[in-house]
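Data block below; observations after.
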Amino acid sequence: MSKSVLNKKKSLKGNVTKIKDKVKDKLNGAEIQLYSKKFEQFSEDLSKIFDNILSNCEDEETDKFIEEQLSIQEDIDEIWVSINSQLIKPNSDTMSQHSNGENVKLPKLLLPSFNGNIQDWLSFSDLFKASVHNNENLTGSMKLQYLKGLLTGDASRVIQSITISDANYLTAWTLLEDRFSNKKDQVFAHLKRFMSIPALQSDSASSVLNLIDTTYECVRSLQTLGNEVEPFAEVMFVYMLLQKLDASSKLWFEREFNKSKEIPSLKELLDFLKNYARTSQSSRTSTNLKGQKTDVVISCLNGASVRVKTQLKTDISNRKGDYIKKNRLSCGA
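At position 60 of the sequence shown (counting the first as 1) the number is 926 in this note's numbering, and the numbers step up by one without a gap.
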């Protein structure tokens, strides 16, 4: 793995920690805007850096880097929550207007919307609770106004008939929890997502890595819901994941595991796919280089020089000798 990507990881981690401490203090409008942009950049950088790391790290390092990624993501989420909590601190005029039943414009929240996809409920619920639901500075009507503003699609229709008032907020929140907090439905939704992963149509590294990432996400979501992947369930995951592979990756899988009659673990299969994606990516890069042309300068004894346009796939010294013989040049190496 390149030293530069590890330096980028270290730099990102340091910057996130620094900003996380700063946003705990009272911020003015300009600072909130600045740190909001920082938050967006952190999230983007985190994804790029760890995609690179997980594609190139050794098998035994995978779990360590995944844990580190999750830890940095938690710190980034804390920045998000801290910024939002300052964005939505109401002044006395706003509080008075809401107490009188007026629907005033509140500061915009940096929270994701929720469209009713049950797979997204847990993350939405956790962030909304941290920023709004548990915020004692907000009235019930303010919380309900924020909630309605973040809901779209099926989720929005669940509480669309509820008018904004202090008393109605808990009613609206309870309706949403009753609809989307069903543990059985959430578990089945994540299993359905896993089973719906598109089968590989080719051995492209990006497709294989997407397969790995989605599998990890589904397994982690199930664990969050209190469902560890037990031995037999793990066999089912391995079997279903194998059905997603294309002919080439299946062939390499058989070559890798045909020495043992034991069923590989899910981790072993994912590690194999990670290495397979890395090899495939390196192979394509090497193939592209072979077709490139380069200039070779041949210096002659008479002081002249000849520039030769040549292919990379043949040894340069051999090509140089061939060119000299063919053109009867009196040249030196």
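Glycine residues also receive a C-beta, built at the ideal position from the N, C-alpha and C atoms. All values derive from a computational prediction rather than experimental measurement.
For E927, no alpha helix (DSSP H) run applies, since DSSP gives it neither H nor E. Contact between the region 1095-1109 and the region 1029-1045 is absent: fewer than three C-beta pairs spanning the two stretches fall below 8 Å. For the set F905, T1040, L1041, the Cα lying nearest the Cα of I938 is the one of F905. The beta carbon of D1112 sits closer than 8 Å to the beta carbons of A1065, L1066, Q1067, S1068, D1069 from its chain, once the five residues preceding and following it are set aside; these are given in chain order. Contact annotation: S997 and V1074 have beta-carbon atoms that are not nearer than 8 Å. Between I915 and K874, the C-beta gap is smaller than 8 Å, which places the two residues in contact.
In this structure, I984 lies near Q1052, with their beta-carbon atoms less than 8 Å apart. L1017 is bridged by DSSP to F980. Q1147 places its beta carbon less than 8 Å from that of A1071. Cβ-Cβ distances below 8 Å link L975 to N950, L953, I954, S997, V998, Y1012, G1015, L1016 in the same chain, with the five nearest sequence neighbours on each side left out; the list follows chain order. The beta carbon of K1116 sits closer than 6 Å to no other beta carbon from its chain once the five residues preceding and following it are set aside. Sequence-distant Cβ neighbours of V1095 in its own chain, meaning closer than 8 Å and more than five residues away, are V1085, L1088, Q1089, F1103, L1132. Our two residues, S1047 and S989, have alpha carbons roughly 12 Å apart in a direct line. It is roughly 27 Å from the alpha-carbon of V1024 to the alpha-carbon of S1062. Its Cα nearest to that of L1042, the residue S1022 stands out among S1022, F1054, I1030, L1057. Distance from the CA atom of T1081 to the CA atom of S1031, rounded to whole angstroms, is 42 Å.
Annotation: the continuous alpha helix (DSSP H) that includes A1113 extends over 1113-1123. Around the CB of F994, 16 or more other CB atoms lie within 10 Å, so the residue is classed as buried. Residue state for A1065 is assigned as coil, using DSSP reduced to three classes. With respect to the C-alpha of Y901, the residue from K1140, H1056, I945 having the closest C-alpha is I945. If only complete runs of 3 or more residues are kept, the region 1017-1052 shows no beta strand (DSSP E) anywhere. The continuous alpha helix (DSSP H) containing L988 extends over residues 987-994. Counting along the chain, I1078 sits inside the alpha helix (DSSP H) bounded by residues 1071-1090.
The Cβ neighbour count for K892, taken over all protein chains shown within 10 Å, is under 16; the residue is labelled exposed.
Taking the CA atoms as reference points, T1029 sits about 35 Å from R1059. Boundaries of the alpha helix (DSSP H) harbouring S877: 869-888, taken from the DSSP string.
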